[in-house]
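Peer 1: When we follow my numbering, the leftmost residue of the sequence shown carries the number 28, and every step to the right adds one.
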Amino acid sequence: MAEASGPIATRDGRWRAASVPVGGDALPMDDSLAALQAEVIAFRDARDWSHFHRAKDLVLGLVAEAGELAEVVLWREPEVLERLAEDPELKRRLGEEMADVFVYLLYLAQHAGLDLAATTRAKLQLNARKYPVDRFRGSARKYDEEA
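(1) Going residue by residue through the stretch 96-156, where are the continuous beta strand (DSSP E) segments of at least 3 residues, counting only ones entirely within it?
(2) Classify H80 as helix, strand or coil using the three-state DSSP reduction.
(3) Here's a check: name, in chain order, each residue in its chain whose Cβ is nearer than 8 Å to the Cβ of H80, leaving out the five neighbours to either side.
(4) I'd like the span of the alpha helix (DSSP H) that includes D161, first residue to last.
(5) Give me, in chain order, the residues of the same chain whose beta-carbon lies closer than 8 Å to that of M125; leave out the 5 immediate sequence neighbours on both sides.
(6) Under a three-way DSSP split, which group does E66 fall into?
(7) According to the neighbour-count rule (16 or more other Cβ atoms, all chains shown, within 10 Å of its Cβ), is Q152 buried or exposed?
(8) To the nearest angstrom, how far is it from the Cα of G165 to the Cα of P159?
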(Lines of atoms letter the chains of each structure in order from A and count residues from 1; the text may use other names and numbers.)
(Lines give C-alpha, C1' and ligand atoms only; values in the text may rest on other atoms or scores of the structure.)
Protein backbone atom coordinates (compact mmCIF):
# COMPACT_ATOMS: atom_id res chain seq x y z
CA MET A 1 0.00 0.00 0.00
CA ALA A 2 1.45 3.41 -0.96
CA GLU A 3 2.07 6.02 1.71
CA ALA A 4 2.39 9.81 1.41
CA SER A 5 4.00 12.25 3.80
CA GLY A 6 1.06 14.33 5.12
CA PRO A 7 -2.70 14.15 5.50
CA ILE A 8 -4.32 13.16 2.22
CA ALA A 9 -7.84 13.64 0.90
CA THR A 10 -10.04 10.63 0.31
CA ARG A 11 -12.51 10.33 -2.57
CA ASP A 12 -15.38 11.40 -0.33
CA GLY A 13 -13.62 14.68 0.56
CA ARG A 14 -12.54 13.61 4.04
CA TRP A 15 -8.96 13.63 5.25
CA ARG A 16 -6.83 10.87 6.71
CA ALA A 17 -3.27 10.49 7.86
CA ALA A 18 -1.08 9.29 5.02
CA SER A 19 0.19 6.38 7.12
CA VAL A 20 -3.33 5.01 7.67
CA PRO A 21 -4.25 2.21 5.28
CA VAL A 22 -7.62 2.35 3.58
CA GLY A 23 -9.73 -0.75 4.19
CA GLY A 24 -8.53 -3.88 5.93
CA ASP A 25 -8.59 -4.54 9.65
CA ALA A 26 -9.47 -1.98 12.29
CA LEU A 27 -6.57 0.20 13.36
CA PRO A 28 -5.06 0.02 16.84
CA MET A 29 -6.49 2.76 19.04
CA ASP A 30 -3.38 4.93 18.98
CA ASP A 31 -3.17 4.85 15.18
CA SER A 32 -6.89 5.46 14.86
CA LEU A 33 -6.75 8.43 17.24
CA ALA A 34 -3.71 9.86 15.44
CA ALA A 35 -5.49 9.43 12.11
CA LEU A 36 -8.60 11.18 13.42
CA GLN A 37 -6.47 14.00 14.82
CA ALA A 38 -4.74 14.36 11.44
CA GLU A 39 -8.14 14.53 9.75
CA VAL A 40 -9.35 17.21 12.18
CA ILE A 41 -6.17 19.27 11.79
CA ALA A 42 -6.32 18.97 8.00
CA PHE A 43 -9.95 20.18 8.08
CA ARG A 44 -8.87 23.20 10.15
CA ASP A 45 -5.81 23.94 8.04
CA ALA A 46 -7.74 23.75 4.76
CA ARG A 47 -9.81 26.67 6.09
CA ASP A 48 -6.81 28.60 7.46
CA TRP A 49 -8.23 28.63 10.99
CA SER A 50 -5.06 27.70 12.90
CA HIS A 51 -4.26 31.34 13.71
CA PHE A 52 -7.50 31.44 15.75
CA HIS A 53 -6.43 28.41 17.77
CA ARG A 54 -4.50 29.86 20.69
CA ALA A 55 -4.53 27.71 23.83
CA LYS A 56 -6.89 30.07 25.67
CA ASP A 57 -9.35 30.08 22.80
CA LEU A 58 -9.23 26.30 22.45
CA VAL A 59 -9.98 25.85 26.15
CA LEU A 60 -12.84 28.35 26.00
CA GLY A 61 -14.16 26.71 22.84
CA LEU A 62 -14.05 23.35 24.60
CA VAL A 63 -16.01 24.78 27.53
CA ALA A 64 -18.57 26.33 25.16
CA GLU A 65 -19.05 23.01 23.37
CA ALA A 66 -19.34 21.18 26.71
CA GLY A 67 -22.09 23.68 27.58
CA GLU A 68 -23.89 22.81 24.35
CA LEU A 69 -23.57 19.13 25.26
CA ALA A 70 -25.08 19.87 28.68
CA GLU A 71 -27.90 21.79 27.01
CA VAL A 72 -28.95 18.64 25.13
CA VAL A 73 -29.74 16.91 28.44
CA LEU A 74 -30.86 19.93 30.47
CA TRP A 75 -34.38 19.61 31.87
CA ARG A 76 -34.79 16.03 30.64
CA GLU A 77 -35.80 13.26 32.96
CA PRO A 78 -32.89 10.90 33.72
CA GLU A 79 -34.94 7.95 32.46
CA VAL A 80 -35.10 9.52 28.98
CA LEU A 81 -31.31 9.61 28.81
CA GLU A 82 -31.05 6.00 29.92
CA ARG A 83 -33.11 5.03 26.86
CA LEU A 84 -31.10 6.90 24.20
CA ALA A 85 -31.45 4.07 21.69
CA GLU A 86 -35.21 4.70 21.63
CA ASP A 87 -34.81 8.36 20.61
CA PRO A 88 -32.73 8.66 17.43
CA GLU A 89 -32.98 12.47 17.32
CA LEU A 90 -31.73 12.89 20.89
CA LYS A 91 -28.98 10.36 20.22
CA ARG A 92 -27.95 12.27 17.07
CA ARG A 93 -27.84 15.63 18.89
CA LEU A 94 -25.90 14.14 21.80
CA GLY A 95 -23.42 12.56 19.38
CA GLU A 96 -22.90 15.81 17.48
CA GLU A 97 -22.16 17.75 20.66
CA MET A 98 -19.87 15.01 21.96
CA ALA A 99 -17.99 15.14 18.66
CA ASP A 100 -17.61 18.93 18.97
CA VAL A 101 -16.10 18.51 22.46
CA PHE A 102 -13.78 15.79 21.17
CA VAL A 103 -12.63 17.91 18.22
CA TYR A 104 -11.62 20.69 20.61
CA LEU A 105 -9.73 18.15 22.75
CA LEU A 106 -7.86 17.01 19.65
CA TYR A 107 -7.05 20.61 18.67
CA LEU A 108 -5.82 21.40 22.18
CA ALA A 109 -3.73 18.23 22.39
CA GLN A 110 -2.09 19.06 19.05
CA HIS A 111 -1.46 22.66 20.13
CA ALA A 112 0.10 21.52 23.43
CA GLY A 113 2.12 18.74 21.82
CA LEU A 114 0.35 16.10 23.91
CA ASP A 115 -0.28 12.51 22.89
CA LEU A 116 -3.87 12.27 24.10
CA ALA A 117 -3.85 8.45 24.20
CA ALA A 118 -0.62 8.30 26.23
CA THR A 119 -1.77 11.12 28.53
CA THR A 120 -5.07 9.35 29.16
CA ARG A 121 -3.31 6.08 29.94
CA ALA A 122 -1.00 7.87 32.39
CA LYS A 123 -4.01 9.47 34.07
CA LEU A 124 -5.71 6.07 34.34
CA GLN A 125 -2.60 4.67 36.04
CA LEU A 126 -2.57 7.61 38.48
CA ASN A 127 -6.27 7.11 39.22
CA ALA A 128 -5.72 3.37 39.72
CA ARG A 129 -3.25 4.21 42.50
CA LYS A 130 -5.62 6.78 44.03
CA TYR A 131 -8.67 4.55 43.75
CA PRO A 132 -7.67 0.91 44.30
CA VAL A 133 -10.50 -1.48 43.44
CA ASP A 134 -10.51 -3.15 46.86
CA ARG A 135 -11.22 0.20 48.61
CA PHE A 136 -13.39 2.03 46.08
CA ARG A 137 -15.49 -0.53 44.24
CA GLY A 138 -19.08 0.78 44.24
CA SER A 139 -18.12 3.95 46.13
CA ALA A 140 -18.62 7.53 44.97
CA ARG A 141 -16.34 9.02 47.61
CA LYS A 142 -13.19 10.90 46.69
CA TYR A 143 -9.78 9.32 47.36
CA ASP A 144 -9.02 11.72 50.24
CA GLU A 145 -12.37 11.15 52.03
CA GLU A 146 -12.63 8.72 54.91
CA ALA A 147 -14.57 5.50 54.36
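C-beta atoms are modelled at their ideal positions from N, C-alpha and C, and glycine is treated no differently.
Peer 2: According to the data block:
(1) The qualifying runs do not exist here; there are none.
(2) Walking along the sequence shown from the start, residue 80 turns up at place 53. Residue state, collapsed to three classes: coil.
(3) The residue you call residue 80 lines up with position 53 of the sequence shown. Hits under 8 Å: R71, Y134 and H138.
(4) Within the sequence shown, the letter at position 134 stands for residue 161. For D161, the enclosing alpha helix (DSSP H) stretches over residues V160 to F163.
(5) Translated into positions along the sequence shown, residue 125 becomes position 98. These residues qualify, in order along the chain: L96.
(6) For the purposes of this step, residue 66 is taken as the residue at position 39 of the sequence shown. Assignment of E66 by DSSP, reduced to helix, strand and coil, places it in the helix class.
(7) As a first step, residue 152 is located in the sequence shown; it is residue number 125 there, counting from the start. When all chains shown are included, Q152 counts as exposed.
(8) For the purposes of this step, residue 165 is taken as residue 138 along the sequence shown, with counting starting at 1. For the purposes of this step, residue 159 is taken as residue 132 along the sequence shown, with counting starting at 1. If I take the Cα positions, the gap works out to 11 Å.
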